[in-house]
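Position one of the sequence shown corresponds to residue 10 (this note's numbering), numbered consecutively onward. Even glycine gets a Cβ: it sits at the ideal position worked out from N, Cα and C. Since the structure is predicted, the reported quantities are computational estimates derived from the model, not experimental observations.
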Amino acid sequence: MTITKLCLREGHMNQDTRKEHTEEDPCKGIIFRERYELAMERIAGIAANPEVRENFCDYMMQIGSFFLKIDRHRAFLEEKRENVGQDPAAADFIERVGYPRLTREEGAKWQEDIYAALHEDHYRSSYLCPDYAVRRLGAGLGGILSAFAADLLALIPWVYEGRLDLLTIYAELFVMIHGDLAMAKDEGAAEKTVRDSIYWFYRDYSEIFTRDAVMNLIDPGRDFLTRIVMESDLSDLSYLYSYGSPIGENELAMAAYLNRLSEEEVRRMAATYTEGYRIGFQVTGKDISIKSAVKIEYPIGMERMVRQAIRNFRKMGLAPVLVRESILSLQGRGKGKRGVFSCSLNRQFDYDHKNDLGYYLDAGLNQRRLEVMQDTFEKHKKLARGMGGPAVIDVFGQEDFEPVNSEANYHYSTRQQELNVSYAAQAGQISNRYIIGRERSFTMIAFPLPSIGDQFEEIFARTMEINTLDYHSYQRMQQKIIDLLDQGERVHVQGQGGNQTDITVELFPTADPSHMTRFENCVADVNIPVGEVFTSPVLEGTNGILHVSHVYLDGMEFKDLRLTFRDGMLVDYSCGNFESKEEGRQLIRENILYQHKSLPIGEFAIGTNTTAYRMAKDYGIGSKLPILIAEKTGPHFALGDTCYSHEEDNRVYNPDGKEIVAKENSISKRRKEDPIGAYFGCHTDITIPFEELGVIEVISADGRRRDIIRDGKFVVPGTEELNLPLSD
């Protein structure tokens with residue numbers, strides 16, 4: 010079962026909040042506009058005549074020119090706002106939305122210019138590329154100055170959001186870095202002063218960044234993105250440029266496609282999504298009426314569906330909270346797509362910069378961020394208590410990507426890996442105290458991107474069919490599988506052909522089998538589409554190898570992934586993405602283990618949505634399916650927390666009335682005495698395709714073995730219908 014976490018992101022605000030941040034520095038009482046104008050005047054001089062060592066001149070001129078482009082566009086937007094003249098439509102738009110409307114031509118021209126360095130034909134010769142930066146600037150400063158350049162891309166959307174405060178402090182930081190380079194006696198001294206300037210910038214301004222991240226998560230009043238969705242003319246695709254995010258063919262083609270759908274089709278898409286959210290509260294016995302907000306996550310281009318979803322949520326009493334994807338190293342830029350996001354213009358850029366936080370990460374920075382987070386939540390605990398959780402629209406079908414490793418990219422030290430793990434655990438605990446886990450829920454649904462290929466519209470229609478399958482028949486067949494599983498003490502899973510999976514899963518004991526069950530009968534509520542039964546395994550006694558030929562996890566394809574478990578804990582791992590075994594292990598550490606030394610098996614599940622599996626085979630898109638759908642197309646194991654993380658004490662029942670008792674393991678059981686050590690803050694599902702599956706068999710106390718699946722087909726009486734899509 011896919012689970013989703015509430016994530017803190019930086020972002021946007023309404024006009025009143027924007028005024029609070031841009032007019033006056035609360036610490037020094039200096040008007041930001043004056044500071045901004047002074048900094049930009051200095052930057053104009055730097056861009057024209059850097060007066061630094063020769064090897065840094067080009068960098069200073071290019072970054073200075075970038076700031077000047079940003080400033081010219083800011084002035085252009087202000088001029089459009091002020092000169093609406095006799096155009097009542099333009100004036101009305103500004104009144105409702107808060108920013109001027111660009112024409113499609115203006116938006117496309119600006120995007121082509123400002124994001125040019127991200128495109129593959131320019132990236133390798135730009136300072137955004139760590140390799141290039143290190144070659145030009147040296148090993149000492151090339152990496153961190155490339156990371157600084159990457160963070161400056163955040164200025165582009167901030168222009169649209171009116172965040173003069175953030176434009177100002179980054180302009181001042183650039184001026185400071187220029188001074189560091191100009192005044193340093195040698196490159197060693199320059200490296201120290203530049204690193205110090207960047208470190209203290211992020212530590213000092215954690216007050217702004219972390220406070221914004223919390224407020225953006227819980228406050229519907231920060232509605233810049235909501236106004237784009239609700240007030241724009243969605244038939245005119247120029248609205249897409251209002252985000253300030255990179256807009257490519259996926260966003261334009263998706264918006265155009267949704268515009269061609271009937272009103273009934275859009276309503277059905279939105280209703281499937283919002284009803285999944287509502288039913289998620291209902292089936293887990295949670296009271297949605299005590300909630301006042303929902304965090305909506307979606308890909309730019311799907312505004313027509315999101316607009317209808319917002320209307321549906323408002324009828325439930327839930328105000329929308331829309332948060333921009335991470336665009337700063339401090340907030341985890343490059344580590345997957347969450348929030349309101351556009352498809353990456355350059356995934357190698359994302360990969361190269363995913364660890365940029367390491368350039369300035371230490372215990373002091375983490376402590377300051379946690380202090381601000383705690384203080385902000387405490388001051389706004391009523392808003393936090395009202396957050397119901399995320400409603401996520403995911404996408405799949407991006408072009409294949411194989412990352413290229415580089416020594417120029419930052420690699421966390423062992424100590425920094427520990428700091429990341431510790432910070433995630435403590436931040437999760439703070440968030441869970443105010444957005445209480447046992448009271449919140451979520452839902453997730455996925456759709457294909459136009460980049461999936463020429464058959465996009467067919468695949469989209471088939472995906473919608475899968476998302477709206479009748480759950481009653483699945484519920485009935487899944488109950489037959491659960492009834493058999495509940496008769497055993499462990500489950501054995503073995504691959505076939507080239508799949509080397511051979512693992513035994515220990516099942517949770519049940520004191521009263523007539524009223525208790527180990528497995529949840531999961532249909533289509535929090536996880537759309539329908540189709541899985543899952544449990545939290547007993548770690549002790551769970552041993553063996555999990556192997557898949559390929560799996561797509563959070564936008565990254567893993568090849569020949571092999572994981573070895575002893576007593577439920579990961580003890581060895583490898584993949585075939587690189588010739589070097591160590592590079593493969595590093596990829597797993599960063600993208601599956603999330604820098605933990607080891608992780609437990611938090612979930613064992615059997616996916617039953619063979620219709621989704623058939624679709625993947627028909628269109629040859631199995632490797633592109635998101636885990637949300639892929640987990641329903643075969644047995645899967647999740648590394649990390651159980652599906653009941655922070656909700657173990659809630660009583661949960663299956664449709665047959667039996668209570669689900671397998672909600673914890675020996676690690677999460679320690680949650681009372683060690684709340685931080687009991688959780689890992691991650692949950693990653695890995696699915697074995699049906700064609701690679703030899704057997705799933707349940708083993709009873711007397712040693713008797715009974716098949717659930719044999720040679721890739723369901724064999725439990727009453728589940729024959731599941732095999733129909735598996736037939737050629």
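Q505: not part of any alpha helix (DSSP H); DSSP gives it neither H nor E.
For the pair R133 and Q71, the Cα-to-Cα distance works out to about 15 Å.
Sequence-distant partners of R424 (beyond 5 residues in either direction) whose C-beta falls short of 6 Å from its own C-beta are missing from its chain.
Taking a cut-off of 8 Å for Cβ pairs, the segment 636-656 and the segment 680-694 touch, as three or more such pairs fall below it. E114 has its alpha-carbon roughly 33 Å from the corresponding atom of A400.
M453 is bridged by DSSP to V401, N536. If the five residues before and after S298 are omitted, its C-beta is found closer than 8 Å to the C-beta atoms of G326, all from its own chain and listed in chain order. For L366, the CB contacts under 7 Å within the same chain, skipping 5 residues up- and downstream, are S338, L339 in chain order. Fully enclosed alpha helix (DSSP H) runs of no fewer than 4 residues occupy 215-227, 233-240, 258-269 of the segment 201-283, in order along the chain.
Taken through DSSP and simplified to helix, strand or coil, N355 comes out as coil. Taking the CA atoms as reference points, E668 sits about 31 Å from Q435. As for any beta strand (DSSP E) of minimum length 3 sitting wholly inside the segment 284-365, the runs are 302-308, 328-331, ordered along the chain. Look at F543 here: in three-state DSSP terms it is strand.
The beta carbon of I615 is closer than 6 Å to those of V542, P644 in its chain, skipping five residues each way along the sequence. By the Cβ neighbour-count rule, M69 is buried, with 16 or more other Cβ atoms within 10 Å of its own.
For M565, the uninterrupted beta strand (DSSP E) segment begins and ends at 565-575. Per DSSP, V661 has no beta bridge partner at all.
For V707, the uninterrupted beta strand (DSSP E) run begins and ends at 702-708, by DSSP.
In this structure T728 is buried. Its beta-carbon is surrounded by 16 or more other beta-carbon atoms within 10 angstroms.
For P644, the enclosing beta strand (DSSP E) begins and ends at 644-649. Taking a C-beta distance under 8 Å as the contact criterion, I319 and V238 qualify as a contact pair.
For M10, there is no enclosing alpha helix (DSSP H), as DSSP marks it with neither H nor E. Note: R499 is bridge-paired with E515, I708 in the DSSP secondary-structure output. Between I454 and Y282, the CB-CB gap stays under 8 Å. Residues of the same chain with a CB within less than 6 Å of the CB of R356, apart from the 5 flanking positions on each side, are F410 in chain order. The beta-carbon distance between I52 and F76, rounded to whole angstroms, is 5 Å. This is short enough to meet the 8 Å contact definition. 8 Å or more divides the Cβ of I697 from the Cβ of E706.
Three or more Cβ pairs drawn from the segment 594-614 and the segment 543-552 lie within less than 8 Å of each other, which places the two stretches in contact. Looking at the DSSP output, G197 shares a beta bridge with no other residue. Closest option to K344, judged by alpha-carbon separation, among T477, D492, G152, I601: I601. Remark: three or more beta-carbon pairs, one from each stretch, lie closer than 8 Å, so the segment 55-67 and the segment 176-192 are flagged as touching. By the 16-neighbour rule on beta-carbons within 10 angstroms, V332 is buried.
Shortest Cα-Cα distance from G257 to any of E46, L127, D521 involves L127.
Taking the C-beta atoms as reference points, L494 is found nearer than 8 Å to V500. Considering only Q604, I491, I676, Q509, the residue with the shortest C-alpha distance to P726 is I491. DSSP places V557 within a strand segment (E or B) once states are collapsed to three.
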